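Chains as they are written, first to last, in the working numbering: chain A, -14 to 533; chain B, -14 to 533. Note that the Cβ used here is the ideal one computed from N, Cα and C, for glycine as well. Just so we're clear, the structure is a prediction, and the values are computed from it rather than from any experiment. Remarks on the structure that follows.
There are 2 protein chains.
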Amino acid sequence: MKVIIIGGVAGGASAAARLRRNDEKSEIILFERGEHISFANCGLPYYIGEVIRNEENLLVQTPEGMKKRFNIDVRVLSEVVRIHRETKEVEIYDRKNDKRYTESYDKLILSPGASPIKPDLEGVNAKNVFTLRNVPDTLSIKDYVDNEKPESAVVVGGGFIGLEIAENLKERGLDVKLVELSNQVLAPIDFEMAAIVQNYMKEKGIEFYLGDGLKGIKHNTGYSEVELNSGAKIEADMVVLGIGVRPEVSLAKDAGLELGERGGIKVDQTLKTSDSNIYAVGDAIEVIDYINGKQSLVPLAGPANKQGRIAADNVCGRNETYDGTQGTSVLKIFDMTVASTGNNEKLLRRFDIPYEKSYTHSASHASYYPGSSTISMKIIFSPEDGKVLGAQAVGFEGVEKRIDVLATAIRAGMTVYDLEKLELSYAPPYSSAKDPVNMAGYVASNILKGDNKVIHWDEIERLDKEESILVDVRTPMEYSLGTIEDAVNIPLDEMRNRLDEFPRDKKIIVFCKVGLRGYLALRILAQNGFKDVYNLSGGCSTYYPVIE
Amino acid sequence: MKVIIIGGVAGGASAAARLRRNDEKSEIILFERGEHISFANCGLPYYIGEVIRNEENLLVQTPEGMKKRFNIDVRVLSEVVRIHRETKEVEIYDRKNDKRYTESYDKLILSPGASPIKPDLEGVNAKNVFTLRNVPDTLSIKDYVDNEKPESAVVVGGGFIGLEIAENLKERGLDVKLVELSNQVLAPIDFEMAAIVQNYMKEKGIEFYLGDGLKGIKHNTGYSEVELNSGAKIEADMVVLGIGVRPEVSLAKDAGLELGERGGIKVDQTLKTSDSNIYAVGDAIEVIDYINGKQSLVPLAGPANKQGRIAADNVCGRNETYDGTQGTSVLKIFDMTVASTGNNEKLLRRFDIPYEKSYTHSASHASYYPGSSTISMKIIFSPEDGKVLGAQAVGFEGVEKRIDVLATAIRAGMTVYDLEKLELSYAPPYSSAKDPVNMAGYVASNILKGDNKVIHWDEIERLDKEESILVDVRTPMEYSLGTIEDAVNIPLDEMRNRLDEFPRDKKIIVFCKVGLRGYLALRILAQNGFKDVYNLSGGCSTYYPVIE
Ligand SMILES: Cc1cc2nc3c(=O)[nH]c(=O)nc-3n(C[C@H](O)[C@H](O)[C@H](O)COP(=O)(O)OP(=O)(O)OC[C@H]3O[C@@H](n4cnc5c(N)ncnc54)[C@H](O)[C@@H]3O)c2cc1C
Ligand SMILES: Cc1cc2nc3c(=O)[nH]c(=O)nc-3n(C[C@H](O)[C@H](O)[C@H](O)COP(=O)(O)OP(=O)(O)OC[C@H]3O[C@@H](n4cnc5c(N)ncnc54)[C@H](O)[C@@H]3O)c2cc1C
Ligand SMILES: CC(C)(COP(=O)(O)OP(=O)(O)OC[C@H]1O[C@@H](n2cnc3c(N)ncnc32)[C@H](O)[C@@H]1OP(=O)(O)O)[C@@H](O)C(=O)NCCC(=O)NCCS
Ligand SMILES: CC(C)(COP(=O)(O)OP(=O)(O)OC[C@H]1O[C@@H](n2cnc3c(N)ncnc32)[C@H](O)[C@@H]1OP(=O)(O)O)[C@@H](O)C(=O)NCCC(=O)NCCS
């Protein structure tokens, strides 16, 4: 068997290695347009930031290494420019020798990835305007920072890559401003969770232009001027565009392979394209969203590597399926960790999928043991059966652990009731006897069972002030340091003696710092005949970041 | 309704709080024999070690706090000395006022915990011999260290508490020796995994007496002498016994409640004892082992807290079940983390449950990003369907995360094939595109599918040297630094050209550092007609610690 692979990084190199393990005898040729294969895409921002100091560390494998270890014929600087499906051949442009030739295949695996979106706007092709996808891109940015010593940068795009670049440029001493068309950074998480991240980044000195888009860049002597749709103008020495990627589908399209509704290469569960001899994996393909079942583009390394392995298996006649992508992801931003899995509210709303949600703010480990910090967590679940649909968390320690547990729970089809029962490891340096994931389960279950009637952060401003009362059940000390507008203070621990201060003819909204004392207050009121009582989910810790 | 709770810490206090949330109107009395309720048992060793500096931090709640917040009548220094089931009364000995009285109940919840085992041996009652369960125990030990300034300690027992005490005394500057009857520390993990922990503890200066038991302690002026079964004698200034706990069942037994086969209080799935008005939770009860279905004693805080909540729910007529305990646990020992979940080999063998196992040694996060370390992981699974039965991990970063993911997978009944597909969060500071849990899934699946025929560390010394050959497939450099006895060196990357050096009439055992290159070597050999080839699972990284 002769297998040709197009693209030599996450999906492609993984497929090649697995192919060889499956089949020692087949001929495997891997074509890569660029100079490098198997590079650490995900490490690139950290090379710019000098966190990763050695360029060699970015190369996980080399063509020579792949030859020796896997007996794979790796051809770099070799772009596949055409697929001839009828003759089962590919046409290659050898960039080094400026030559064209063809190779035949029995099976073909496409892993061409995605390319950074570069909008067709004035000034984006100047030498101080960058995108970041591969090693050459990385070196250009780093060389520019090293040699031109820019003092300021504008990063356009508040996704993972944009934020990583912002952090790394900031760490290099630049003054960094971030422009994002949406009203929040990090699309995978929801607005109020992103607010926590933005506030922290502001503390770290990043300046934001949210809800504003790039209009063009004017280049003057000595500096550039970034113009935004709003009319705002930002001076900067360099600009990095991180506004998303587009699946690399031109080759597939030209060959007449079917594309999906989102513009990626269409594949079935075995990762086969519309041509039974051609498989496709990675950023270039459309996957099924594991939660909502719709087509989706999820450009992440974990899925790409796993898909590469599955495609290799199927090429070899092993029967493996890819069951969909949850979009589990994590980002380090300075000391903060932001992670999520499954669907967010925006997505569920788009597909009209009913959901309920809950917020918790739990200690990352037992608070009596030094060094704990708060994990702010949101889980989204089905109001019918409690099935977990998504989870988002922000904090400083143990954030990705909880999201990985929740990602596993989602994969298993667990409900919020199952989360209560998860037996997670506990010792004081690591967690609490009720892990934050258990706690999220309790809180969500209480909502579903009607034990905790919640109101959410965005409903507060829509309250009818005549018909409702806000009661801050925290201590007078906490209250005095700031509370929600118009709220009165009746501390939880005094409530049983002050029940007559609660009106019986109004909607009562109780709240505290995180929602726990509010819940206790609600329990007391509800069982004392107050019918119309709501607890602010997540308390001030969810409410404040949004209004800050 | 009047509910009485016996025991005011993990299970008892949790039950009390939940009871009140469920039912604002019932009368709840909580009896605690000791002076404190709601203390942080799990934090006690760290107070001795001065990691937790403030004694108050050990008290999560106080009787006054419980009164104010939950309107619970907490009576400390009040031992329940008898349960009169016929009249539904308990008899209390008020230790403060030296008085006895009775209280009636509608429902009773027992959470009396467990008591440290103190063997009936010479010298164990001296004032420099300690056990650790509660705050007074902690203060005695700490006072002794602070005031008597002991220079050396013997800790008897290599369980979690023994190791935590050993660490904390070591951190206080004492010379610490650890005695353990078994041939390994940490019973929840297996021998070869414990070897890694022991080697590390030795590096940290802890001296071990394994496979040796306490015979008695002689007290001389100025020092004590700990005598072991082997005849060994250890001089020490203090001794701490951490040889396990025994469920506190005397009260239940006297009242005629059924006990289980392991000696704990017997309960059904709703945590009801043999008396339908009495529930029991925590260290005192027998639970169903979630994996093997047998009765088990698992003295851990997570289960105790969760059971307290469930018992409270059932007392209030809510229908909640406790589905068994996996024994998920974690220990910090110096900088190292040891965690496990599910059954280990010892347990599975005892119950004749068939299993297969695999070892991996994966980077805690992308190795090109600074600061990664190795996680040594063992997973145990059913040879029939691949169901995960247990997992153990040792390392320095991200260990408990992987065990929590595996604990969730076990709870969901997942197989090793499911582990391959888990979509866990990846960015370079946190993991690899194939997370160590995915990797463990791949390796285990390959074993089950026959793609990777493994031999285990303990089979090496039983090999027939005439009939078999050991081939170290690492580099000549690695080989020169030490290898397994009698092994020859044929580096992986040269193998395809040196196939004639492999004998066709012998069993071939290939090995490398962690098992990966050995697997690749095996794939090459197997597909070149070599029939009898095995890869050393976990490679030298599993083999060496045992023989060290
Ligand atoms: C800066 C950065 C940071 C990232 N961080 C993370 C992270 O933290 N976590 C995460 O999960 N993901 C991250 N990603 C995403 C991740 O790298 C991708 O999802 C993954 O690499 C996709 O794999 P792939 O094989 O589809 O594409 P790629 O890895 O991009 O490989 C595609 C290759 O195909 C080559 N190619 C394309 N067309 C042709 C052709 N016609 N002929 C020959 N060769 C061709 C390209 O040159 C390219 O090298 C990051 C990406 C970037 C750029
Ligand atoms: C030093 C130490 C470290 C630990 N570390 C961890 C850890 O890191 N992780 C983990 O999961 N677990 C740990 N544990 C175990 C955990 O603390 C227990 O599993 C948990 O506390 C059990 O809860 P319980 O309610 O059953 O018993 P306890 O918490 O012990 O509470 C029982 C209470 O009942 C009282 N009592 C008993 N009989 C009577 C009576 N007749 N009348 C009145 N009162 C009575 C006792 O005085 C006691 O205070 C640790 C335990 C110790 C001692
Ligand atoms: C380098 C690269 C070619 C490696 O591919 P690979 O060989 O499939 O991956 P790994 O080196 O992680 O090895 C995994 C294999 O080793 C096996 N393995 C790992 N540890 C093992 C152990 N201890 N014992 C036995 N086998 C082991 C696994 O089972 C798996 O084999 P399988 O797929 O046949 O089941 C590819 O991952 C790559 O190019 N990576 C860089 C690009 C990239 O991923 N970028 C995005 C992220 S930055
Ligand atoms: C202190 C103690 C009495 C607290 O009991 P508790 O009130 O049940 O526990 P918590 O304070 O963690 O609160 C959990 C409750 O708050 C709710 N909650 C937590 N965060 C919330 C939030 N953000 N919004 C709404 N509700 C929230 C949970 O749903 C849960 O209520 P539920 O059980 O009715 O569902 C008990 O845990 C204890 O004594 N602990 C110390 C002893 C011990 O555990 N030792 C062993 C470990 S060291």
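- For a Cβ distance threshold of 8 Å, nothing in chain B lies close to A:Asn168: the least Cβ distance comes to about 24 Å.
- Pairing A:Val379 with A:Tyr529, the inter-Cα distance amounts to about 15 Å.
- Nearest to B:Thr206 by C-alpha distance, out of B:Gly216, B:Glu220, B:Leu195 and B:Glu212, is B:Glu220.
- Using a cutoff of 7 Å, the CB of B:Ala296 does not count as near ligand 4, since none of the ligand's heavy atoms is closer than that.
- Under the criterion of beta carbons closer than 8 Å, B:Ile(-11) and B:Val66 do not qualify as touching, at roughly 13 Å.
- Contacts with chain A at 8 Å (Cβ-Cβ) do not include B:Ser11.
- No Cβ of chain A is located within less than 8 Å of the beta carbon of B:Pro101.
- The region 437 to 445 of chain A and the region 501 to 521 of chain A touch, with three or more beta-carbon pairs separated by less than 8 Å.
- Counting only runs of at least 4 residues, the region 186 to 262 of chain A fully encloses the following alpha helix (DSSP H) elements, listed from N- to C-terminal order: 235 to 239.
- Close CB contacts of A:Ser347 within its chain, under the 6 Å cut and outside five residues either way in sequence, are with Ile360, Pro421 and Met424 (chain order).
- At a threshold of 7 Å, A:Ser(-1) counts as near ligand 3, since its beta carbon sits closer than that to one of the ligand's heavy atoms.
- For A:Val518, the enclosing beta strand (DSSP E) has its first and last residue at Val518 to Leu521.
- When the five nearest sequence neighbours on each side are left out, the beta carbons in the same chain lying within less than 8 Å of the beta carbon of B:Leu236 are those of Ile(-9), Val65, Val66, Arg67, Ile68, Leu95 and Pro97, in order along the chain.
- Under the three-state reduction of DSSP, B:Gly(-4) is assigned to helix.
- Taking 7 Å as the cut-off, one finds at least one heavy atom of ligand 1 near enough to the beta carbon of A:Val(-6).
- Residues of the region 393 to 408 of chain A with a Cβ closer than 7 Å to any Cβ of chain B, in chain order: Thr393, Ala394, Arg396, Ala397, Met399, Lys406, Leu407 and Glu408.
- Relative to ligand 2, A:Tyr411 has its C-beta within less than 7 Å of a heavy atom.
- Residues of the region 312 to 329 of chain A that bring their beta carbon within less than 9 Å of a beta carbon in chain B comprise Gly312, Thr313, Ser314, Val315, Leu316, Lys317, Thr322, Ala324, Ser325 and Thr326, in sequence order.
- At a cut-off of 8 Å between C-beta atoms, A:Arg54 counts as an interface residue with respect to chain B.
- If you compare the alpha carbons of B:Ala99, B:Arg508 and B:Ser410 with that of A:Val323, the shortest gap goes to B:Ser410.
- Straight-line spacing of the CA atoms in B:Pro288 and A:Val390 works out to 18 Å.
- Pairing B:Arg334 with B:Asn437, the inter-Cα distance amounts to about 23 Å.
- DSSP, reduced to helix, strand and coil, places B:Tyr275 outside both helices and strands of the structure shown, so it counts as coil.
- When DSSP assignments are scanned along the region 395 to 444 of chain B, the uninterrupted stretches of alpha helix (DSSP H) that are 4 or more residues long and fall wholly within it turn out to be 401 to 406 and 421 to 433.
- Scanning its chain for C-beta atoms nearer than 6 Å, with the 5 sequence neighbours on each side dropped, one finds around A:Leu507 the residues Val495, Val518 and Asn520, in chain order.
- Under a 10 Å Cβ-count criterion, A:Met462 is classified as exposed, with fewer than 16 other Cβ atoms of the shown protein chains found around its own Cβ.
- Judged by DSSP in its simplified three-state form, A:Leu62 adopts coil rather than helix or strand.
- Taking CB atoms only, A:Arg489 has no neighbour in chain B less than 8 Å away.
- Separation of the CB atoms of A:Ser325 and A:Gln280 is rounded to 20 Å, and the pair is thereby denied contact status at 8 Å.
- For the region 113 to 145 of chain B, no residue has a beta-carbon sitting nearer than 7 Å to a beta-carbon of chain A.
- Inter-segment contact for the region 234 to 253 of chain A and the region 154 to 172 of chain A is absent: fewer than three beta-carbon pairs are separated by less than 8 Å.
- If you check the CB distance, B:Leu407 and A:Arg387 do not come in under 8 Å.
- Per DSSP, A:Ala138 is one residue of the beta strand (DSSP E) stretching across Ser137 to Val141.
- In this structure, A:Val164 lies away from A:Tyr208, with their beta-carbon atoms at least 8 Å apart.
- If you check each beta-carbon in the region 191 to 216 of chain B against every beta-carbon of chain A, none falls closer than 8 Å.
- Close to chain A, meaning a Cβ-Cβ distance shorter than 7 Å, are the following residues of the region 377 to 391 of chain B: Glu385, Lys386, Ile388, Asp389 and Val390.
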